[in-house]
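See below for the structure under consideration.
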Amino acid sequence: MIEHCCAEMTRQLELRCPAHTDAFACPDAVVGFDARFQEYGLIVHDGGMSSVGIVFCPWCGTRLPESRRDGWFDALEARGVDPWEDEIPAEFQDGGWLRHEPGDTVGPR
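The sequence shown begins at 1 in the working numbering and counts up by one.
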């Protein structure tokens, strides 16, 4: 389980709406977290999957982790995986790949 910066961030990210299975479809969902990239964002309710990246928690003001997006693509490339053409390995579907990245200080160990 990923630990977030504060109880309110955790509460917001764990929100489960009985009417909407997808947070992007639920008007009550305001923040999202992409474990693959360690990115937080404010959900844009425009019918798509858009969000606006944030670097500080809106509730406690804590600086959020740096994005690991570039590292995700680099790690896939090192394995010879093209994320646009090939099947993405299971550990790259969430934050699992971070456990294997040298020097990682973000995510579970």
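Note that the Cβ used here is the ideal one computed from N, Cα and C, for glycine as well.
- Item | Residue range of the alpha helix (DSSP H) that includes L13 | Under the DSSP assignment, L13 falls in the alpha helix (DSSP H) whose first and last residues are A7 to L13.
- Message: According to DSSP, simplified to helix, strand and coil, what is R16?
- Response: In the structure shown, R16 sits in coil (DSSP, three-state: anything other than H, G, I, E or B).
- Query: Alpha carbon to alpha carbon, what distance is there between L15 and D46?
  - Reply: D46 and L15: Cα-Cα distance of roughly 19 Å.
- F56 versus L42 - alpha carbon distance: Those two C-alpha atoms are separated by around 11 Å.
- Whose C-alpha, out of A75, D28, R63 and Q93, is nearest the C-alpha of C6? Comparing Cα positions, the closest option is R63.
- Do you know whose CA, among G95, G32 and E66, lies nearest S50's CA? S50 has its Cα closest to that of G32, out of G95, G32 and E66.
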